[in-house]
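Read through the structure below, which is laid out as structure tokens, and then see the notes.
Number of protein chains: 2
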Amino acid sequence: MDNKIRIGLFGFGVVGQGIYQVVSKAPNAHAEIRRICVRNLAKPRSVEAPGELFTDRVADILDDPGIDLIVEVIDNADASYKIVCDALRRGIPVVSGNKAMIARHLPELIALQQEHDTALLYDASSCGSIPVIRNLEEYYDNDLLLEVKGILNGSSNYILSRVFDHGEDYASALAKAQALGFAESDPTFDIEGYDSLFKLVIITMHALGVYVRPEDIFTFGISSIHDSDIRYAREKGVKIKLVAQVAKVGNGRFTMFVMPEFVRPGKYIYSVDDEYNGVVIRGECYDRQFMFGKGAGSLPTASSILSDIMARRHDYRYEYKKMHYIDRPVYTTDIPLRIYVRYSSTPIPDLLPFTAIHEQYLSAESCYVIGDINLADLIAHRHILSALDVFVVNTSSFFEHLD
Amino acid sequence: MDNKIRIGLFGFGVVGQGIYQVVSKAPNAHAEIRRICVRNLAKPRSVEAPGELFTDRVADILDDPGIDLIVEVIDNADASYKIVCDALRRGIPVVSGNKAMIARHLPELIALQQEHDTALLYDASSCGSIPVIRNLEEYYDNDLLLEVKGILNGSSNYILSRVFDHGEDYASALAKAQALGFAESDPTFDIEGYDSLFKLVIITMHALGVYVRPEDIFTFGISSIHDSDIRYAREKGVKIKLVAQVAKVGNGRFTMFVMPEFVRPGKYIYSVDDEYNGVVIRGECYDRQFMFGKGAGSLPTASSILSDIMARRHDYRYEYKKMHYIDRPVYTTDIPLRIYVRYSSTPIPDLLPFTAIHEQYLSAESCYVIGDINLADLIAHRHILSALDVFVVNTSSFFEHLD
């Protein structure tokens, strides 16, 4: 009679508990959490759920023929990968929020969906409650797309807002982000840019139909930010934001990277503060569109998962249409960037193969250089960057002339 | 081999010419304009298209078995209605941008789609290039939705920006909007709020699954704005924006109206200037999401039409799922509002049934009153408002406490 969609839920942390709450608030979802698999049954939770729902055996969900859909929000990419693959192989559709797992295994996960005629939805994996993936897949489905660029990580953005706008120190801002539940349990994911990177990999698949491996993409986070960087940005009247972007760069090529950027007032992402995410989608005919919303937190992420659950009621799946496009653009790192590098003692201008140096500032406390460098050279030297006390900020923009 | 989607295009004005351009820029759309029906074959056009494409006979498209899809962007709601109905009755899917026609005939158009097992898509009808309809239909498809509120008319917003931010006079701002192609050929549609109203009717169907007739909704435009209104707003540090909103107001009810509003800095829509549109979608768990983009103009609208054309390749249609929801909210106008009314000579406080008056200002040049009034009473008195030199501004917000 009441053909409820019966859900097997993996994970009952911040997001899992949010899903449990959101499903109970949405009668028109016709969804029911039938079983919850957790690693540690004894762990206390702030959200109450009937004890008989819980199990610590994965098979109790995967082997249950009464389960229509698996929702997977556990905090371990390897375990998540195994569960998702097992489910897809059995033809059980899955909704997942695990961006690291999805970004690393996307080609295989696409093949599994096709082979077993089932679906994996993961809109919640990128930008929490903002429907970026769905819109790129369904709406911006044309050759006009030029660039997707934005603040994809709520936690690092929250930290930058506290440090930058409220004068707090980095460590206390990070602790606050963790206490509020924005930060991943491993905060390096957020602050080193990996969370943004994984989201960018997923976005690029749905924006351009091309998969690029995370390890082939330049990623620089915010953990090495110094007071002098903040002072520099303030003097110039700009903010520092951790920005992920994928952009067509002409001749059938595109590039992508994750890097702090100096953002001028007037730019859409300038006003994206705290735990919010904001994504600018630029196209040839529609100029720029901006989507803005809560990108992190229990309930925003859970409401996005709910949208995926409801999409499954109508048998929605990603078609990955753009993978079959003619003239898909090709990933390139052979592209000049203008960057700011703040350094202390090491002679960065000698260590990095700048093609031109535009500014250099030297002082006992800290130095910086602004110069042009090829992205490929930057990637080749990332071991140097990660070993030293440097902070790298992108100052270039591919479509500046259009703004 | 190359299974192109063959389009019969009705209308070759600003938007029609944009569609012709955009389709040619998007090879992956696999779309082809096969025939263009115009009223006047002799009219010169700025975009060149081969002469043999044109016809002035509707039947040349409707009777052509080689046409897969009709795209209708003519500027006449009655003619549009006839073409769309005829096409749907023949089972030919239609993409339309005609908000007036759709808003007035939505229940019948939904029935026709079901009866003849075909589709009518109209994402371009609301907010040009911003995918509001599609997202409400597919993504915010749950009970959590609280409110959709925004600036839905690019032309009136452009005029308000010119008048308000640039100190231009109303007439020259309107002329500029028309010259730039933002304004409808009948500018009263834009400036009297009807364009926003029609979009709001369509949005409400996809947001809440309920159809409300345009004539049952309070609509007040911007044509009667005076210098004293602008001065008042400036003194208070707010902007005047023409805002359309639909909001749940408790006890299973919702309300909706189109009215100028005093918008404070910090509100998302405060920064929506010029011909841009911005829509805030508020939900119980995801707080507020903001979508922002070009809402008017040839190419932005055409790119939205292109998204609908491409959606038809995958047999996409609106399911109108929310029409079948349990406990759909019920439209009410029995709701208190606090409004500002600027008037000249007539004693507005005596003419309108305010339940409370909070402020009154009298001077030789102009007067205003701020008071509480029931929306139903405001609707009952709209003949008075339209006959007099008054300007009405909403000062209430249903979810102020959540911001």
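Going down the list, the sequences are from chains D and Y. Going by the working numbering, the first sequence runs without a break in its numbering and finishes at 404. Going by the working numbering, the second sequence runs without a break in its numbering and finishes at 404. Note that beta-carbon positions come from the ideal geometry of N, C-alpha and C, so glycine has one too.
Going along chain Y, which residues have a C-beta under 8 Å from residue i?
| i | result |
| --- | --- |
| G294(D) | Y287, D288, R289, Q290 and F291 |
Taking DSSP as the reference, what is the three-state secondary structure of residue i?
| i | result |
| --- | --- |
| P261(D) | strand |
| H227(D) | coil |
| T333(Y) | coil |
| R318(Y) | coil |
| M2(D) | Residue placement at M2(D) cannot be trusted, given a pLDDT of 38 that sits under 50; what the coordinates show is reported in the next sentence. If DSSP states are grouped into helix, strand and coil, M2(D) belongs with coil. |
| L363(Y) | coil |
| V213(Y) | coil |
| I134(Y) | helix |
| G294(Y) | strand |
| Y140(D) | coil |
| D86(D) | The residue you asked about is not Asp; residue 86(D) is Cys in the sequence shown. Helix, per DSSP. |
| V280(D) | strand |
| N29(D) | helix |
| G168(D) | coil |
| D351(Y) | helix |
For residue i, count neighbouring C-beta atoms within 10 Å of its own C-beta (all shown protein chains included) and say buried if the count is 16 or more, exposed if not.
| i | result |
| --- | --- |
| E138(Y) | buried |
| L42(Y) | exposed |
| Q115(D) | exposed |
| Q361(D) | exposed |
| V151(Y) | The question names Val, but residue 151(Y) is Gly in the sequence shown. When all chains shown are included, G151(Y) counts as buried. |
| V280(Y) | buried |
| T334(D) | buried |
| K242(Y) | buried |
| P261(Y) | buried |
| V72(D) | buried |
| A178(Y) | buried |
| K240(Y) | buried |
| P108(D) | exposed |
| I358(D) | exposed |
| H207(D) | buried |
| D187(D) | exposed |
| L300(D) | buried |
| P330(Y) | buried |
| A234(D) | buried |
| Y319(Y) | buried |
| P94(D) | buried |
| R135(Y) | buried |
| T189(D) | exposed |
| D196(D) | buried |
| K249(Y) | buried |
| A245(Y) | buried |
Along chain D, which residues have their Cβ under 7 Å away from the Cβ of residue i?
| i | result |
| --- | --- |
| Y140(Y) | P132, R135 and S308 |
| A30(Y) | N143 |
| S304(Y) | L145, G284, C286 and Y287 |
Can you pull the chain Y residues whose beta carbon is under 7 Å from the beta carbon of residue i, in chain order?
| i | result |
| --- | --- |
| K26(D) | D144, L145 and E285 |
| M311(D) | D142 and N143 |
What residues of chain D sit near residue i, judged by a beta carbon separation below 9 Å?
| i | result |
| --- | --- |
| S127(Y) | The premise fails here: S127(Y) is roughly 13 Å from chain D at the closest Cβ pair, so nothing lies under 9 Å. |
| L122(Y) | Here the premise fails: no neighbours, minimum Cβ distance about 12 Å. |
| V23(Y) | N143, L145, E285 and C286 |
Measure how close the beta-carbons of residue i and residue j come, nearest whole angstrom, since I'm counting them as under 8 Å.
| i | j | result |
| --- | --- | --- |
| M324(Y) | G210(Y) | 4 Å |
| K200(D) | L153(D) | 4 Å |
| S229(D) | E366(D) | 6 Å |
| A1(Y) | A101(Y) | There is no way to answer for residue 1(Y), as the model of chain Y reaches only from 2 to 404. |
| I282(D) | V149(D) | 5 Å |
| I223(D) | M257(D) | The Cβ separation is near 18 Å, so there is no contact. |
| S156(Y) | A297(Y) | 6 Å |
| A30(D) | N143(Y) | 6 Å |
| I340(D) | V391(D) | Incorrect: roughly 11 Å between the Cβ atoms, too far for contact. |
| Y1(D) | P354(Y) | Any answer about residue 1(D) is impossible in this case: the structure gives chain D only from 2 up to 404. |
| V74(D) | V16(D) | 4 Å |
Residues of chain Y with a CB under 9 Å from the CB of residue i: which are they?
| i | result |
| --- | --- |
| P354(D) | Here the premise fails: no neighbours, minimum Cβ distance about 38 Å. |
Mind listing the chain D neighbours of residue i? Cutoff is C-beta to C-beta under 8 Å, in chain order.
| i | result |
| --- | --- |
| L243(Y) | Ordered by position in chain D, no residue passes the 8 Å Cβ test against L243(Y), which lies about 20 Å from the chain. |
| P301(Y) | C286, Y287 and D288 |
Determine, for residue i, whether the minimum Cβ-Cβ distance to residues of chain B falls below 9 Å.
| i | result |
| --- | --- |
| R343(D) | You won't find chain B in this structure, because its protein chains are D and Y. |
Near-chain Y residues of the segment 316–336 of chain D (beta-carbon distance less than 7 Å), N- to C-terminal order = Cβ contacts with chain Y come from E320, Y326 and I327.
query = Taking Cβ-Cβ distances below 8 Å as the criterion, which residues of the segment 253–272 of chain Y are in contact with chain D?
reply = Going along the segment 253–272 of chain Y in chain order, one finds Y269 and S272 with a Cβ nearer than 8 Å to chain D.
ask   = If you measure beta-carbon to beta-carbon, which residues of the segment 80–112 of chain Y are closer than 9 Å to chain D?
value = Residues of the segment 80–112 of chain Y that bring their beta carbon within less than 9 Å of a beta carbon in chain D are absent altogether.
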